[in-house]
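K.L.:
For the sequence shown, position 304 (counting from the first letter as 1) is numbered 307 according to our numbering, and the numbering increases by one without interruption.
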Amino acid sequence: CISIPRGYKIGHLSQHISFSGSTVLQEACLSLRDTEDGIYETYKAEIILMGLGFTTEDFSLDPLDLSGGYQVRLNLAKVLVSDPNLLLLDEPTNYLDIISLRWLTQFLRNWKKELIIITHDRDFMDGVTTHTMAIHRCKMRKEAGPTDKVYQQLLMEEEIHEKTRVNDDKKRKETEEFINRFRAKATRARAVQSRVKALQKKDRLEKLTEIKNLDFAFKSAAFTGKLLMEVNDISFSFDNDSPPLIDGLTFSVGKKDRIAIIGKNGKGKTTLLNLLAKELKIKTGTVRHHDQLQMAYFGQTNINRLTLHKTIEEEIMDVHPEGTRGAARKICGIMMFPGDNALKKISVLSGGEKSRVLLGKLLVSPSNMLMLDEPTNHLDMESGDSLVEAIDDFNGSVIIVTHSEMMLHALATRLIVFDNGKVILFDGTYQDFLDRVGWKSENNSGAPRVKKSRPRIKSVNKKQLRRERASLLKKKSNPMDALQRRIDEAEKEIVKLEENIEHDNREIIEASIKGAGETIKILSKKLHVSRSRLDSLFAKLDLLLMEIEGGTKEFKEKLEDSLTV
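Set out below in C-alpha cells:
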C-alpha cells in the first residue's frame with residue numbers, strides 16, 4: 004500500500020521528453036509555481052539552467068534544437084524548478100559533465116525535502132543521500148549511511164549465513180546419528196526427545212547461490228623504454244574558421260602514468276584522445292609513439308562499431324582470428340557471458356552488456372597503454388568498481404576521459420584540464436587540483452557556488468572486504484560456542500561409553516562361557532562405573548540442552564547487534 008498525503012507533490016524525472024515552450028527559459032519556467040503576487044520567479048529557473056551547463060545565450064534557443072543530452076538536462080531542470088515535496092530521480096547524472104555533476108551534487112545536498120534517486124554513480128550517491136536502499140537476492144532493504152556500509156553489512160551477513168549453514172549441517176548430521184542410536188532406549192527418552200525437538204525447531208539454512216560480478220585483469224605487455232608517448236606543441240580545430248579546441252599542448256606519458264582528461268562536454272576531450280590514438284590528424288605539432296607501444300583503445304563510438312548480427316563470441320574472435328574458440332569463450336565468461344550466453348547477438352544486448360563486450364575485446368591482446376573514453380558509461384556500480392580495480396592493477400600507463408570523481412580520486416596522478424577555453428596540464432591528483440586550482444566556473448561570483456565536498460568515501464574493494472570479513476568471523480566470539488562445545492563433548496563421551504558398554508557385555512558373555520569368574524567380576528565393576536558415568540552424562544546433557552534453548556534468543560539479539568559494528 005502506498006499512501007500519499009493530500010497536497011503532497013512528487014517531481015519525477017521522466018524518460019519521455021516533450022516540450023511546449025518556445026525557448027529553453029520558457030520551457031523551464033513552465034514548472035514554476037506562481038508567487039502570491041503572480042510574478043514568476045524566473046531567476047530561479049535561470050540559476051538551475053546555468054548550474055546544469057546552459058549559458059545565457061542558450062536561454063533563447065528552441066528546446067527542439069538542443070542535442071539529446073541537453074534535452075535531458077532541460078527535463079531535469081524542469082523537475083528541480085518545480086520544487087516538489089519528493090524528488091524521484093532515475094539516473095539524473097546521465098549526460099552531465101563533471102561541472103554540472105558537481106553543481107547537482109551540491110544542489111541536492113542542500114535539498115530540504117525528500118529525495119529518492121537511482122544511480123550507478125557511487126560518489127554522487129554517497130554525496131547526497133542519508134540512507135541507501137539495496138535490492139539484494141530479490142529483497143529490498145534500507146540502511147542508514149553510504150553504500151560501502153550497506154555492502155559491508157551484506158557481506159558480513161552472507162559470511163555468517165554460510166558459516167552457520169556449514170556448522171548446522173554438520174551438527175544436524177551428528178544429532179540425527181545420536182537420535183537413531185538412542186531412540187529405542189526408554190531410559191534415554193528425555194535426551195532423545197530434547198534433540199528431536201531441537202532438530203524440528205531449527206530451520207535448515209539454504210546454500211546461497213553465488214552472485215557473479217565482473218572480475219578481470221588487463222594483460223600487460225613488456226616495455227623497456229622510459230616514455231611510451233611524447234606530445235609536442237599540438238594544436239587542432241575542425242576547420243580554419245573556428246577557434247582551436249587544443250592549442251600548444253605538450254606533455255609526455257611514462258610507463259606507469261595515470262592521466263585523466265577532464266572538463267565540460269563538447270570542449271575537446273574525446274577529440275584529444277582520438278588525436279593521441281592517431282585516429283584524427285593534428286593541425287600542428289607532433290605525437291610520437293614509442294616503437295614498443297601496444298595500445299588498447301576504448302572509445303565512445305566503439306559501441307556503434309559492434310556488428311549487430313554477430314554474436315558476442317564472434318566479436319571477441321574478430322580481434323584475434325588465430326585464437327581458439329575456447330579462448331574466446333573464456334573471455335566471454337570473464338565478462339559475465341558464460342556458456343551459451345556467449346552466442347547472444349549484439350543486437351539484443353543492453354548498453355552495459357555492450358560495454359562489457361568492448362572491455363572483453365581489450366583483454367584479448369596484451370597492451371602497455373590503456374586509452375579509455377568514459378568506460379563506466381552503462382556499467383552498473385559493481386562492474387564500475389571492478390573496472391577501477393583492474394585499471395589500478397594494470398602494469399602500464401592509462402589515459403582516461405571520465406566525469407566520475409570516484410575514478411579521478413582513485414586513479415589520476417596527472418590531469419589534462421579543459422576549462423575556461425584553455426587546456427592545461429596539471430601535475431598532481433584530482434584533490435590537489437580542486438584544492439589548488441579548482442574549476443573557473445565555480446570560482447565565478449555569478450555562478451552557483453559548490454561547497455567543499457564531504458569526505459570522500461573510497462569505493463569498496465569486494466575481494467579485500469571478503470578477506471577482512473572472513474578474518475573477523477574467525478575472531479568474533481559467539482556466546483553460545485562454549486556451551487555448544489560442552490554439549491558436543493558430552494554426546495561424544497556418551498557414544499564412546501555406549502560402545503565400551505556393548506564391548507564389555509560381549510566380554511562378560513565370553514567369560515561366562517569359559518567360566519572365568521575373576522574376569523567377570525572385573526568387567527562387572529567396569530560396567531557399573533560406565534553406566535553410572537553414562538547416567539551422569541545424560542543428566543548433564545539435559546541441563547545443557549535446556550540452557551542452550553533458553554540462550555538462543557539472547558544469542559540472536561547479540562548476533563544482530565554485531566552486524567552493525
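Even glycine gets a Cβ: it sits at the ideal position worked out from N, Cα and C.
Just the C-alpha distance for K272 and G130, rounded to the nearest angstrom, thanks.
P.N.:
The straight-line gap from Cα to Cα measures roughly 26 Å.
K.L.:
Taking 8 Å as the cut-off, decide whether the C-beta atoms of L375 and I403 are in contact.
P.N.:
In contact: L375 and I403 (Cβ atoms closer than 8 Å).
K.L.:
Tell whether a beta-carbon distance below 8 Å holds between V84 and K47.
P.N.:
Going by C-beta atoms, V84 is nearer than 8 Å to K47.
K.L.:
Could you please give the first and the last residue of the uninterrupted beta strand (DSSP E) stretch that includes A299?
P.N.:
Run containing A299: 298 to 301, per the beta strand (DSSP E) assignment.
K.L.:
Suppose you measure from the CA of L91 to the CA of I121; what does that come to, to the nearest Å?
P.N.:
Going by the C-alpha atoms only, they are around 8 Å apart.
K.L.:
If you draw a straight line from the C-alpha of P378 to the C-alpha of I119, how long is it?
P.N.:
For P378 and I119, the distance between alpha carbons rounds to 26 Å.
K.L.:
Based on Cα-Cα distance, which residue from T108, I319, K258, L248 lies nearest to H580?
P.N.:
Limits of the chain in this structure are 4 at one end and 568 at the other, which puts residue 580 out of reach.
K.L.:
Quick one, which of E317, D100, T133, R125 has its alpha-carbon nearest D383's?
P.N.:
Looking at the Cα atoms, R125 is the closest of the given residues.
K.L.:
By a C-beta neighbour count over all protein chains shown, 10 Å radius and 16 as the cutoff for buried, is C141 buried or exposed?
P.N.:
Per the 10 Å Cβ criterion, exposed.
K.L.:
I need the straight-line Cα distance from V532 to R175, nearest angstrom please.
P.N.:
About 30 Å.
K.L.:
With 16 as the cutoff for other CB atoms within 10 Å, does H312 come out buried or exposed?
P.N.:
Flag for H312 reads exposed.
K.L.:
Hey, how far is the Cα of S515 from the Cα of R488?
P.N.:
Cα to Cα, the separation comes out at about 40 Å.
K.L.:
How is R452 classed by DSSP in three states: helix, strand or coil?
P.N.:
Summary for R452: the model assigns pLDDT 47, below 50, so the residue's position carries little reliability; its value from the coordinates is reported in the next sentence. In this structure, R452 counts as coil in the three-state DSSP scheme.
K.L.:
Within the continuous alpha helix (DSSP H) that includes F436, where are the two ends?
P.N.:
F436 -> alpha helix (DSSP H) spans 433 to 439.
K.L.:
With contact counted as at least three CB pairs below 8 Å, one residue from each stretch, are the segment 285 to 292 and the segment 312 to 323 in contact?
P.N.:
With a cut-off of 8 Å, the segment 312 to 323 and the segment 285 to 292 do not count as touching, because too few Cβ pairs lie within range.
K.L.:
Which value, in whole angstroms, describes the spacing of the CA atoms of D100 and G56?
P.N.:
Between D100 and G56, the C-alpha separation is close to 8 Å.
K.L.:
Assign C335 to one of two classes, buried (16 or more other C-beta atoms within 10 Å of its C-beta) or exposed (fewer than that).
P.N.:
Result: buried.
K.L.:
With a floor of 3 residues, list each beta strand (DSSP E) that falls wholly inside the segment 353 to 423, ordered by position along the chain.
P.N.:
The segment 353 to 423 contains these whole beta strand (DSSP E) runs: 372 to 376, 400 to 404, 417 to 422.
K.L.:
Within 10 Å of its beta-carbon, does L546 have 16 or more other beta-carbons around it, so buried, or fewer, so exposed?
P.N.:
Label assigned to L546: exposed.
K.L.:
Identify, in the order they occur along the chain, each residue of the same chain with its Cβ nearer than 8 Å to the Cβ of L157, setting aside the five sequence neighbours on each side.
P.N.:
For L157, where only same-chain residues beyond five positions count, the Cβ hits under 8 Å are A137, H139.
K.L.:
Please return the same chain residues whose Cβ sits closer than 7 Å to the Cβ of G387, not counting the five positions on each side in sequence.
P.N.:
Cβ within range, chain order: H123, T379.
K.L.:
Take every Cβ of the segment 419 to 432, pair it with every Cβ of the segment 277 to 286, and state whether three or more of those distances are shorter than 8 Å.
P.N.:
Verdict: no, contact absent.
K.L.:
DSSP three-state call for S223: helix, strand or coil?
P.N.:
Strand.
K.L.:
Measuring only the C-alpha atoms, how far is P66 from V75?
P.N.:
C-alpha separation (whole angstroms): 10 Å.
K.L.:
Starting from D244, trace the alpha helix (DSSP H) both ways and give me its first and last residue.
P.N.:
Counting along the chain, D244 falls outside any alpha helix (DSSP H), and DSSP gives it neither H nor E.
K.L.:
Would S400 and D218 qualify as a contact pair, given that the criterion is a beta-carbon distance under 8 Å?
P.N.:
Contact: no.
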